[in-house]
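>
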Amino acid sequence: MNCEECGKRPATLHLTKIVNGEKTEYHICEHCAQEKGDVFTGFHNFSINNLLSGLLKFDPMQKSVKESTSTKPLRCETCGLTYAQFSKSGRFGCSDCYTFLGDRLDPLFRRIHGNTQHIGKVPERTGGQLKIRKELEQLKQALQKYVASEEFEKAAEMRDRIRALEQKMAQS
Amino acid sequence: MSQQQFMQNPWSNWMKGEGPDSDIVISTRLRIARNLRQHPFPLLATDSQGEEVVRKVTEVAESEALRKRHHLQVIHMDQVNPLEKRVLVEKHLISPHLAEESRKGAVLLSPDESVSIMVNEEDHIRIQVLLPGFRLNEAWEIGTKIDDIFEKHLNYAFDETRGYLTSCPTNVGTGIRASVMLHLPALVMTQQISRILQAINQVGLVVRGIYGEGSEALGNLFQLSNQVTLGMSETDILSNLYGVARQIIEQERVARAYLLEHTRVTLEDRIFRSYGILMYARTVESKEAAQRLSDVRLGIDLGVISDVSPLVLNELLVTTQPGFLQQHAGQKLTPDQRDERRARLIRERIADTERPAGT
Ligand SMILES: [Zn+2]
Ligand SMILES: [Zn+2]
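Structure representation (structure tokens):
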């Protein structure tokens with residue numbers, strides 16, 4: 001078997017990568033491996049582009065994009081990236097591309113992450129009131145849990161914290 | 001530290017061999033990807049747009065708040081030669097992508113090299129924390145504090161539904177990639193490794209290892225990292241990775257004990273043969289060096305070899321790489337010349353640090 005990178009030398013290194021249960025193998029020669037950088041940093045992002053555009057090619061959402069071209073903008077207004085470019089490179093051009101592509105990204109995210117919604121850290125300043133809203137949601141869930149398990153002291157504590165947060169939100 | 005020292009000095013904080021479980025976990029790495037609003041991502045940015053991002057980021061690095069934590073030094077990629085870039089890659093301070101493809105790239109480095117912040121890699125900002133041993137929480141605490149300081153001064157690209165917006169859809173959400181580099185010789189020798197790799201992919205994690213002919217990973221080193229960044233909190237991502245790594249560490253320990261108990265002579269023979277080769281060989285290829293270093297390291301961790309410091313091996317893993325060898329030689333070397341220099345370097349370092357047996 002010849003090296004997948006240069007196609008010239010025989011492939012002597014075989015890299016197995018497992019992404020969400022899908023096993024992909026790469027076969028390259030030692031020379032190309034060394035060109036890629038040190039061996040145990042290992043192939044960071046190596047061929048991930050190909051993987052992504054592979055995902056996009058077989059994605060039914062591509063069809064729906066073609067159908068709806070008359071109504072939706074054809075390119076990101078900020079950076080000019082088109083859907084075709086995105087599906088080829090698997091990369092966004094700027095943060096506004098996320099708005100431009102919108103819901104059309106859901107199937108892709110679901111495949112890569114199994115999820116479409118962020119639930120982690122929220123930046124203090126640019127996150128605005130989102131941080132408080134998320135905290136409220138968590139408190140309300142905790143409240144329900146304590147009520148259900150009849151831990152009323154803890155439930156009351158949650159209720160007080162919810163009130164305090166709601167006041168804080170109303171003020172800002 | 002001067003720019004020159006970052007290139008010449010082989011030592012990074014992560015090689016110190018300290019920290020929990022450092023017999024198996026070589027290092028812990030955490031990367032946080034962040035971008036600025038209203039700036040095209042580095043892949044599309046023009047030179048002047050790229051320069052502007054570097055300027056904004058370095059301004060924050062020089063701000064009071066960040067200075068208090070870390071004295072970061074800026075290295076612009078267009079001011080270092082290809083060999084120096086390669087050394088930075090071999091020390092794990094920058095990615096091959098920043099070294100090769102970014103036009104207006106820069107890296108901000110802390111003196112002990114435990115913090116490195118890449119600017120204009122695939123994302124505008126990539127904060128990396130690299131620590132010796134198994135220290136995921138500590139790495140996150142250091143990283144998230146730096147992130148907070150940047151966020152105070154810069155307008156991050158953040159979206160309520162998608163989280164931190166990144167250039168590649170694989171990083172969106174938390175933008176964090178946490179990884180541990182594991183030395184798993186006994187799991188490889190007992191052929192349990194493939195079973196374990198199979199199991200890992202069920203839980204949103206990924207393992208990278210490089211395979212030579214046959215099934216052995218180069219130097220028996222494996223990098224375990226999270227794959228999912230969207231829809232999981234940072235805490236969940238880290239504790240998931242922690243839990244799985246913990247199990248692998250325990251299994252490696254069990255396998256080591258098993259080998260020692262049932263095949264002691266064979267195991268010792270293998271370890272001492274590798275030790276002998278490293279002490280006396282006149283030419284060593286990188287692949288063989290990695291394997292022999294792995295054997296000797298196992299010998300040290302099992303107490304079979306007591307007169308070499310494990311730190312030497314951490315250092316040799318880096319200094320026997322092509323970039324470092326050539327930097328050290330001050331010239332480009334052919335593969336044959338590299339093999340010869342590699343053998344000499346290993347001989348000298350082991351002889352240097354050898355302690356009389358029994359101490
Ligand atoms: Zn090749
Ligand atoms: Zn855009």
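If you're matching them up, the sequences are chains V and X in order. Note that full-length UniProt numbering numbers the first sequence so that position 141 is 141, with each residue one more than the last. Note that full-length UniProt numbering numbers the second sequence so that position 135 is 135, with each residue one more than the last. Built from N, CA and C at the ideal position, the CB exists for glycine as well.
#1: Could you list which residues in chain X have their beta carbon closer than 9 Å to that of V/T82, in chain order?
#2: Is the beta carbon of V/S149 within less than 8 Å of some heavy atom of ligand 2?
#3: Sorted by chain position, which residues of the same chain lie with C-beta nearer than 7 Å to X/L267's C-beta, five sequence neighbours on each side aside?
#4: Can you tell me where the alpha helix (DSSP H) with X/H92 in it begins and where it stops?
#5: With 9 Å as the threshold, decide whether the Cβ of X/G163 is near any Cβ in chain V.
#6: Report the neighbours of X/N155 on chain V: residues whose CB is nearer than 8 Å to its CB, in chain order.
#7: Taking CB distances under 9 Å as the criterion, tell me whether V/P123 reaches chain X.
#8: Leaving aside the five residues before and after V/R75 along the sequence, list all residues of the same chain whose C-beta is less than 7 Å from its C-beta, in chain order.
#9: Sort X/V304, X/L333, X/S116 by Cα distance to X/R29 and report the nearest one.
#10: In three-state terms, what does DSSP make of X/L72?
#11: Under a Cβ-count criterion, where at least 16 other Cβ atoms within 10 Å of its own Cβ denotes burial, should X/H262 be classed as buried or exposed?
#12: Apply the 10 Å Cβ neighbour rule to X/V244 and answer buried if 16 or more other Cβ atoms are within range, or exposed otherwise.
#13: Looking at X/D159 and ligand 2, is the gap between the Cβ and the nearest heavy atom below 8 Å?
#14: Output, in chain order, the set of chain V residues within a Cβ distance shorter than 7 Å of X/N35.
#15: Just confirm the distance between the C-beta atoms of X/P185 and X/L66, as a whole number of angstroms; I'd bet it's less than 8 Å.
#16: Opposite V/P10 in the DSSP bridges: which residues?
#17: Would a check of beta-carbon distances place X/F158 closer than 9 Å to chain V?
#18: Taking one C-beta from the region 81 to 97 of chain V and one from the region 138 to 148 of chain X each time, how about it: are there three or more such pairs within less than 8 Å?
#19: For X/V53 and X/H39, which I take to be in contact (beta-carbon distance under 8 Å), what is that distance rounded to the nearest angstrom?
#20: Measuring only the C-alpha atoms, how far is V/M61 from V/H27?
#21: Heavy atom of ligand 4 less than 8 Å from the Cβ of X/P40, yes or no?
#22: Tell me whether residue 360 of chain X sits in a helix, a strand or coil according to DSSP, three-state version.
#23: How many Å lie between X/E160 and V/R133 at the Cα?
#24: DSSP state of residue 436 of chain X, grouped into three classes?
#25: X/M232 by DSSP, collapsed to three states: which one?
#26: List the residues of chain X whose Cβ lies closer than 7 Å to the Cβ of V/L108, in chain order.
#27: X/E121: buried (16+ other C-beta within 10 angstroms of its C-beta) or exposed?
#28: Under DSSP, the alpha helix (DSSP H) around X/H183 begins and ends at which residues?
#29: Hey, how far is the Cα of V/P10 from the Cα of V/C29?
#30: Rounded to whole angstroms, what's the CA-CA distance from X/D295 to X/G276? Just pull it up for me.
The answer reads as follows:
#1: What V/T82 touches in chain X: nothing, since even the nearest Cβ is about 12 Å away.
#2: No, Cβ of V/S149 sits at least 8 Å from all heavy atoms of ligand 2.
#3: Hits under 7 Å: L259, L260.
#4: Counting along the chain, X/H92 falls outside any alpha helix (DSSP H), and DSSP gives it neither H nor E.
#5: Yes, X/G163 counts as interfacial toward chain V.
#6: Chain V residues near X/N155: T126.
#7: With 9 Å as the cut-off, V/P123 counts as an interface residue toward chain X.
#8: L81, T82.
#9: For X/R29, the closest of X/V304, X/L333, X/S116 by C-alpha to C-alpha distance is X/S116.
#10: It is coil, neither helix nor strand.
#11: By the 10 Å Cβ count, X/H262 comes out exposed.
#12: When all chains shown are included, X/V244 counts as buried.
#13: No, since every heavy atom of ligand 2 falls outside the 8 Å radius drawn around the Cβ of X/D159.
#14: Chain V residues near X/N35: S95.
#15: The pair is not a contact, with the Cβ atoms about 40 Å apart (cut-off 8 Å).
#16: V/N2.
#17: Judged by the 9 Å Cβ criterion, X/F158 is in contact with chain V.
#18: Contact fails: fewer than three Cβ-Cβ distances are below 8 Å.
#19: About 6 Å separates the two Cβ atoms, so the contact holds.
#20: Note that V/M61 scores 48 on pLDDT, short of 50, meaning its location in the model is unreliable; the coordinates nonetheless yield the value given after this. If you take the alpha carbons of V/M61 and V/H27, they lie about 31 Å apart.
#21: Inclusion of ligand 4 in the displayed structure is not the case, the ligand content consisting of ligand 1 and ligand 2 alone.
#22: Here chain X comprises residues numbered 1 to 359, so residue 360 of chain X is not present and cannot be evaluated.
#23: It is roughly 11 Å from the alpha-carbon of X/E160 to the alpha-carbon of V/R133.
#24: Outside the displayed range of chain X (1 to 359) lies residue 436 of chain X, so it cannot be described from this structure.
#25: Coil, per DSSP.
#26: By Cβ distance, chain X contributes P169.
#27: X/E121 is buried by the Cβ-count criterion.
#28: Counting along the chain, X/H183 falls outside any alpha helix (DSSP H), though it belongs to the beta strand (DSSP E) covering 176 to 183.
#29: If I take the Cα positions, the gap works out to 6 Å.
#30: So the two alpha carbons sit approximately 11 Å from each other.
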